[in-house]
Amino acid sequence: MLYNNFELRLKLFNFNSYLFPGSVGLIGFDDIGRVWQPGEHSGEWHNGYGAGLYVLPVELVLIQFSKGFSKEGSINYLTIGYRF
Numbered sequence: 143m144l145y146n147n148f149e150l151r152l153k154l155f156n157f158n159s160y161l162f163p164g165s166v167g168l169i170g171f172d173d174i175g176r177v178w179q180p181g182e183h184s185g186e187w188h189n190g191y192g193a194g195l196y197v198l199p200v201e202l203v204l205i206q207f208s209k210g211f212s213k214e215g216s217i218n219y220l221t222i223g224y225r226f
């Protein structure tokens, strides 16, 4: 298996709410990968791309809503994790 992920984030603005500060931005990504299995000879690489919005409350926890696309279809997803 071989894959690569490219992700670009663009901060739109910072905010200060009554509860906590944070930032909001856009995200774009592109993924490509291939799996080698015995008996499989297609040589096809699979590519996916997408975009979304992120919120970074307290500049600590990343909340991201994105939509990904590929020739196989599309998917919406919500990710919650740590900032990197």
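In terms of this note's numbering, the sequence shown is residues 143 to 226.
Built from N, CA and C at the ideal position, the CB exists for glycine as well.
Among the options, which residue has its Cα nearest to the Cα of residue i?
i, options, result
"residue 152", "170, 188, 158 and 217", "170"
"residue 216", "197, 188, 186 and 192", "192"
"residue 196", "177, 213, 223 and 207", "207"
Find out if the Cβ-Cβ distance for the pair residue i, residue j is shorter than 8 Å.
i, j, result
"residue 173", "residue 190", "yes"
"residue 144", "residue 181", "no"
"residue 201", "residue 164", "yes"
"residue 203", "residue 219", "no"
For residue i, which residues of its own chain have a beta-carbon under 6 Å away from its beta-carbon, when the five flanking residues on both sides are left out?
i, result
"residue 188", "175"
"residue 221", "206"
Every unbroken alpha helix (DSSP H) inside the segment 146 to 222 [4 residues or more]: none
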